Amino acid sequence: MSEKHEDIYPLENDVYKRLTTAQKVQMLIMTLTLAPIRLFFMIVVLLILWPLSVLATRGQAENMKIEPLSGWRRSMYPLIRIVARSLYFVAGFHWIKVYGERDYSVKILTAAPHSSYLDSLFIVYMNFISIIARMGSDEVLLFGNLTKMCHPIIVNREKHQSRTDTISSLMERVKSDKGWPQICIFPEGTCTNRKALVQFKTGAFIPGVPVQPVCVKFPQSDFDSVSWTWQGPGAFEIVWLTLCKLHSPVEIHFLPVYNPSEQEKNDPVLFAENVRKLMAEHLDVPLSEYSYEDGILVTNLTKYGLPMKTGLIKIQKLRKRLGITEMSEIIKIIPLYAKLADKKTGLCYLRTFTDNLGIKSNEQISKLFNLFDQEQIGNFSFKNFLEVYFEKLNVILKDKEIVQNILNNFEKFNLDDGTYEIDEFNSIVKQKYNLEISNLSESQVNK
Numbered sequence: 000m001s002e003k004h005e006d007i008y009p010l011e012n013d014v015y016k017r018l019t020t021a022q023k024v025q026m027l028i029m030t031l032t033l034a035p036i037r038l039f040f041m042i043v044v045l046l047i048l049w050p051l052s053v054l055a056t057r058g059q060a061e062n063m064k065i066e067p068l069s070g071w072r073r074s075m076y077p078l079i080r081i082v083a084r085s086l087y088f089v090a091g092f093h094w095i096k097v098y099g100e101r102d103y104s105v106k107i108l109t110a111a112p113h114s115s116y117l118d119s120l121f122i123v124y125m126n127f128i129s130i131i132a133r134m135g136s137d138e139v140l141l142f143g144n145l146t147k148m149c150h151p152i153i154v155n156r157e158k159h160q161s162r163t164d165t166i167s168s169l170m171e172r173v174k175s176d177k178g179w180p181q182i183c184i185f186p187e188g189t190c191t192n193r194k195a196l197v198q199f200k201t202g203a204f205i206p207g208v209p210v211q212p213v214c215v216k217f218p219q220s221d222f223d224s225v226s227w228t229w230q231g232p233g234a235f236e237i238v239w240l241t242l243c244k245l246h247s248p249v250e251i252h253f254l255p256v257y258n259p260s261e262q263e264k265n266d267p268v269l270f271a272e273n274v275r276k277l278m279a280e281h282l283d284v285p286l287s288e289y290s291y292e293d294g295i296l297v298t299n300l301t302k303y304g305l306p307m308k309t310g311l312i313k314i315q316k317l318r319k320r321l322g323i324t325e326m327s328e329i330i331k332i333i334p335l336y337a338k339l340a341d342k343k344t345g346l347c348y349l350r351t352f353t354d355n356l357g358i359k360s361n362e363q364i365s366k367l368f369n370l371f372d373q374e375q376i377g378n379f380s381f382k383n384f385l386e387v388y389f390e391k392l393n394v395i396l397k398d399k400e401i402v403q404n405i406l407n408n409f410e411k412f413n414l415d416d417g418t419y420e421i422d423e424f425n426s427i428v429k430q431k432y433n434l435e436i437s438n439l440s441e442s443q444v445n446k
């Protein structure tokens with residue numbers, strides 16, 4: 000079932016909505032009995048694990064960027080792995096079913112779906128295989144040194160140069176003969192509810208070398224305690240939900256090594272998509288056009304009181320069509336849309352358009368509104384707003400920031416009765432931009 004299924008939103012864990020009465024009773028009983036005992040022993044294990052990981056990595060931060068740990072430090076890994084595995088055992092991950100065989104000849108393993116930090120069980124099982132980790136993860140209390148043991152390649156997603164440096168480091172590791180551990184990459188780049196595979200990032204596929212796909216399964220989908228998604232239970236709630244289950248099954252499926260064709264070596268997007276299709280087929284889940292960026296978008300929209308559905312627009316596909324290179328360009332205009340939209344529906348109506356700006360509706364305002372309401376249905380969505388803002392208004396104004404200034408500057412023309420003097424506003428806009436609101440007709444937009 001690798002076909003696309005767009006009714007599934009994979010970036011939300013709605014476990015609380017789906018809990019049965021029996022499961023709620025189970026959680027109550029476990030919260031009062033076994034869960035606290037488990038938590039106590041997990042803390043004990045962590046207090047044992049922490050000094051061991053500190054000892055293995057202490058004073059090696061810079062050296063580990065150049066070459067992998069060796070000697071007595073490396074010999075500590077089996078012991079630390081046993082202790083770390085016991086942490087998950089106490090939490091309810093009693094055994095792991097493994098299918099297929101790990102191929103040690105490949106440099107990169109691509110794992111999916113990515114559920115949460117509980118996927119680290121797979122990293123422990125693989126004896127602290129190398130990972131791509133976000134900046135700061137190697138400094139987290141108790142867990143930071145365990146991350147360092149994985150010889151992570153650190154990336155700062157907020158900086159384009161950091162992403163470039165990450166690819167360079169990955170290429171160096173792949174070509175190196177220094178004995179680096181294999182690198183495990185979760186190409187989805189974000190956590191999902193495992194109901195579909197979201198778009199893969201291309202980082203793991205840019206080197207153009209063979210990869211081994213690995214499917215990580217948590218089969219109890221009716222009580223999802225492991226998915227730490229953009230919307231749903233938080234980090235600590237995930238732990239609590241997991242501790243309230245008697246047992247959490249885990250499966251690791253090693254698929255055959257995927258050898259890229261010459262075309263795929265030269266086209267990492269194609270390479271990534273073909274591996275994604277293969278893994279989706281094995282997992283029996285559909286493909287999704289949602290991505291990490293959709294999580295960013297929805298999170299930022301909900302911060303302004305807009306419903307989650309406002310941002311369910313498959314932003315990567317839209318960005319490609321509109322030529323939007325950076326998500327920051329979209330994020331910075333969210334406050335403007337939030338100012339215009341209805342907080343219940345996430346849509347913008349002429350009423351909310353005028354009321355939220357404090358202006359009275361007239362022919363000129365209606366023409367401005369109709370620029371966005373291109374289907375003439377009496378409202379427009381955030382997607383419509385982006386399409387007009389980045390595409391059609393850019394054609395008219397040559398500078399898409401002008402429309403933001405125009406809408407924001409309505410506030411400067413507030414009269415005593417709470418209305419706005421549109422003629423005065425129009426004259427300022429004409430003087431500054433050589434443009435009249437009345438001139439923004441549909442015919443101009445479609446030229």
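For what it's worth, numbering that gives the first Met the number 0 labels the leading residue of the sequence shown as 0, then goes sequentially.
Note that the Cβ used here is the ideal one computed from N, Cα and C, for glycine as well.
Remember, it's a predicted structure, so these values are computed and weren't measured experimentally.
DSSP places Glu-250 inside the beta strand (DSSP E), whose first and last residues are 249–253.
Within the region 161–242, complete beta strand (DSSP E) segments of at least 3 residues are found at 182–184, 210–216, given in chain order. If you ignore the 5 residues before and after Val-173, its C-beta comes within less than 6 Å of the C-beta of Lys-106, Pro-206, Val-208, all in its own chain and listed in chain order. With a cut-off of 8 Å on Cβ pairs, the region 126–133 is in contact with the region 141–157, counting three or more such pairs. In the structure shown, Val-97 adopts extended strand secondary structure according to DSSP, grouped into three states. The beta carbons of Gly-345 and Phe-381 sit about 7 Å from each other, so the pair counts as a contact at 8 Å.
The beta carbon of Lys-343 sits closer than 8 Å to the beta carbons of Pro-306 from its chain, once the five residues preceding and following it are set aside; these are given in chain order.
Of the candidates Ser-119, Glu-66, Pro-67, Arg-72, Ser-119 places its Cα closest to the Cα of Phe-92. Taking each of Phe-253, Thr-298, Arg-318, Phe-142 in turn and checking the Cα distance to Ile-95, the smallest one comes out for Phe-253. In the DSSP annotation of this structure, the continuous segment of the beta strand (DSSP E) that includes Leu-108 starts and ends at 107–111. Shortest Cα-Cα distance from Tyr-98 to any of Asn-258, Asn-155, Val-44, Val-215 involves Val-215. Taking C-beta atoms as the reference points, Glu-374 and Met-326 fail to come closer than 7 Å.
Judged by DSSP secondary structure, Val-154 falls within the beta strand (DSSP E) whose first and last residues are 152–154. Nearest to Pro-77 by C-alpha distance, out of Lys-194, Val-123, Tyr-257, is Val-123.
In the three-state scheme derived from DSSP, where H, G and I count as helix and E and B as strand, Ile-131 is classed as strand.
Val-225 places its beta carbon less than 7 Å from that of Leu-117. When C-alpha distances from Leu-240 are compared across Ser-114, Glu-328, Tyr-15, the shortest belongs to Tyr-15.
Straight-line spacing of the CA atoms in Ile-237 and Ala-90 works out to 11 Å. As DSSP reads the structure, Asn-378 sits in a beta bridge with Tyr-348. In the DSSP assignment, Asn-144 falls within the unbroken alpha helix (DSSP H) covering 143–148. If you compare the alpha carbons of Ile-47, Ser-168, Lys-366 with that of Lys-64, the shortest gap goes to Ser-168. Under the 8 Å Cβ criterion, the region 327–334 counts as touching the region 286–303, having at least three qualifying pairs.
The Cβ neighbour count for Trp-227, taken over all protein chains shown within 10 Å, is at least 16; the residue is labelled buried.
Judged by DSSP in its simplified three-state form, Tyr-388 adopts helix.
With 16 or more other Cβ atoms inside 10 Å of its own Cβ, Val-213 counts as buried.
Inclusion of Leu-269 and Glu-263 in the CB contact set at 7 Å is warranted, their separation being smaller than that value. Boundaries cannot be given for Phe-92, as no alpha helix (DSSP H) includes it and DSSP labels it neither H nor E. With contacts defined as CB atoms closer than 7 Å, Pro-35 and Ala-195 fail to qualify as a contacting pair. Of the candidates Pro-255, Val-24, Leu-108, Phe-222, the residue whose Cα lies closest to the Cα of Ser-247 is Phe-222.
Nearest C-alpha to Asp-341 among Lys-244, Arg-101, Arg-318, Gly-304: Gly-304. Under the three-state reduction of DSSP, Tyr-76 is assigned to helix.
Closest in C-alpha terms to Pro-255, from the list Ile-28, Ala-110, Val-24, Val-43, comes Ala-110. Secondary-structure assignment with DSSP links Tyr-257 through a beta bridge to Val-210. Per the coordinates, the alpha-carbon of Leu-286 lies some 18 Å from the alpha-carbon of Phe-204. A residue is called buried once 16 or more other Cβ atoms fall within 10 Å of its Cβ, and Tyr-289 is buried on that count.
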